[in-house]
Amino acid sequence: MAHPSQLGFQDAASPVMEKLLHFHDHALMIVFLISTMVLYIIGAMVTTKLTNKNFLNSQEIEIIWTVLPAIILILIALPSLRILYLMDEINDPHLTIKAVGHQWYWSYEYTDYENLEFDSYMVPTQDLTPGQFRLLETDHRMVIPVESPIRVLVTAEDVLHSWAIPSLGIKLDAVPGRLNQTAFIASRPGIFYGQCSEICGANHSFMPIVIEAVPLSHFENWSYLMIKDA
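Each residue of the sequence shown is one higher than the one before, counting from 2 in our numbering.
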């Protein structure tokens with residue numbers, strides 16, 4: 002999860018987020034190189050009094066600064082389009098979960114099970130136990146199995162919300178009357194925190210998302226107990 006004075010992204014917990022981090026570093030390096038070259042050219046033009054008519058009117062220079070930016074854009078666009086395709090690809094999900102945004106909490110329905118659904122409210126500050134995070138902990142976590150393709154159907158009941166978990170590389174709008182879907186794979190066990198990323202009203206910042214990724218055997222025991230208690 003995020004921590005104070007953090008400059009970079011959260012640690013990746015899914016293959017898609019790992020690719021997003023690599024693409025970010027790739028694009029940032031290109032930006033650094035372009036910025037360095039532009040600053041050098043500006044500095045050289047300001048500090049020198051020498052001019053060359055052939056250099057200023059060169060057709061070869063015109064071709065270079067037309068073709069080179071096009072090549073750079075291609076180097077950025079190709080990996081970006083590949084990641085966009087991977088983020089939209091859903092192959093035989095092992096589990097489907099429907100997340101519904103309300104003012105101001107989330108509810109989850111495990112559509113592959115009968116009577117496995119619950120509401121997830123933020124834990125008030127006065128009820129937090131040692132080790133829990135203020136404004137991020139919920140009374141019911143969304144539990145998923147590790148290394149299993151998970152499909153999430155996201156919608157809203159009242160206003161626009163956004164279901165976002167940075168460490169998994171997920172940010173999906175919840176629109177009333179419409180189902181949006183995404184898929185992810187949690188590559189390691191852990192607890193991953195997110196929040197509604199759409200300005201949805203007065204308590205917008207008080208509807209966190211908590212995903213707990215556990216081994217498959219633990220998930221089966223949890224689902225059995227949840228159905229039994231329903």
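Built from N, CA and C at the ideal position, the CB exists for glycine as well.
Whole-number beta carbon distance between residue j and residue i, since they are thought to touch under 8 Å
i: Glu-199; j: Leu-161; result: 5 Å
i: Val-155; j: Ala-203; result: Between Ala-203 and Val-155 the Cβ distance is about 22 Å, and since that is not below 8 Å, they are no contact.
i: Ile-98; j: Tyr-111; result: 6 Å
i: Glu-158; j: His-205; result: Not a contact, Cβ separation roughly 15 Å.
i: Ser-15; j: Gly-170; result: 6 Å
i: Val-17; j: Leu-85; result: So it is not a contact: roughly 10 Å between Cβ atoms.
i: Ser-121; j: Thr-139; result: 5 Å
i: His-27; j: Pro-80; result: 6 Å
i: Leu-96; j: Pro-209; result: With a Cβ gap of about 21 Å, Leu-96 and Pro-209 do not count as contacting.
Spatially closest choice to residue i from the options, by CA coordinates
i: Glu-118; options: Tyr-109, Thr-126 and Pro-125; result: Tyr-109
i: Phe-207; options: Val-124, Leu-87 and Glu-221; result: Val-124
i: Ser-163; options: Ala-175, Leu-169, Ile-171 and Gly-170; result: Ala-175
i: Leu-226; options: Ser-168, Asn-116 and Arg-135; result: Asn-116
i: Pro-190; options: Arg-179, His-219, His-205 and Pro-167; result: His-219
i: Ser-224; options: Thr-126, Asp-113 and Arg-135; result: Asp-113
i: Trp-105; options: Gln-133, Leu-51 and Cys-197; result: Cys-197
i: Pro-94; options: Thr-49, Lys-20 and Gln-182; result: Gln-182
i: Arg-83; options: Phe-24, Ile-42, Asp-128 and Phe-134; result: Phe-24
Host beta strand (DSSP E) of residue i (start-end)
i: Met-143; result: 143–146
i: Thr-183; result: 181–185
i: Ala-165; result: 162–166
i: Ala-100; result: 96–103
i: Ser-108; result: 106–111
i: Ala-175; result: 171–175
i: Phe-207; result: Note, Phe-207: premise wrong, no beta strand (DSSP E); not H, not E.
i: Val-153; result: 151–157
i: Asp-120; result: 118–121
Environment of residue i [buried if 16+ CB atoms lie within 10 Å]
i: Pro-177; result: exposed
i: Val-211; result: buried
i: Phe-193; result: buried
i: Gly-44; result: exposed
i: Ile-166; result: buried
i: Glu-63; result: exposed
i: Ser-6; result: exposed
i: Met-38; result: exposed
i: Gly-9; result: exposed
i: Gly-195; result: buried
i: Gln-11; result: buried
i: Ala-13; result: buried
i: Leu-21; result: buried
i: Trp-107; result: buried
Range covered by the alpha helix (DSSP H) that runs through residue i
i: Gln-196; result: Careful: Gln-196 lies outside any alpha helix (DSSP H), inside the beta strand (DSSP E) at 191–197.
i: Phe-220; result: 217–230
i: Glu-63; result: 60–89
i: Glu-19; result: 16–48
Any non-hydrogen atom of the ligand PLP closer than 8 Å to residue i Cβ
i: Val-17; result: Inclusion of the ligand PLP in the displayed structure is not the case, the ligand content being empty and no account of it being possible.
Self-check item: the segment 25–34 / the segment 73–88 touching (three or more Cβ pairs under 8 Å)
Solution: Three or more beta-carbon pairs drawn from the segment 25–34 and the segment 73–88 are found closer than 8 Å, and the two stretches are therefore classed as touching.
Practice problem: Decide if the segment 186–201 is in contact with the segment 147–163; the criterion is three or more beta carbon pairs, one per stretch, under 8 Å apart. | Solution: With three or more CB-CB distances shorter than 8 Å, the segment 186–201 counts as touching the segment 147–163.
Practice problem: Flag this pair as touching only if the segment 137–144 and the segment 207–219 have three or more C-beta atom pairs under 8 Å; answer yes or no. | Solution: Segment contact: the segment 137–144 against the segment 207–219, three or more CB-CB distances shorter than 8 Å; contact assigned.
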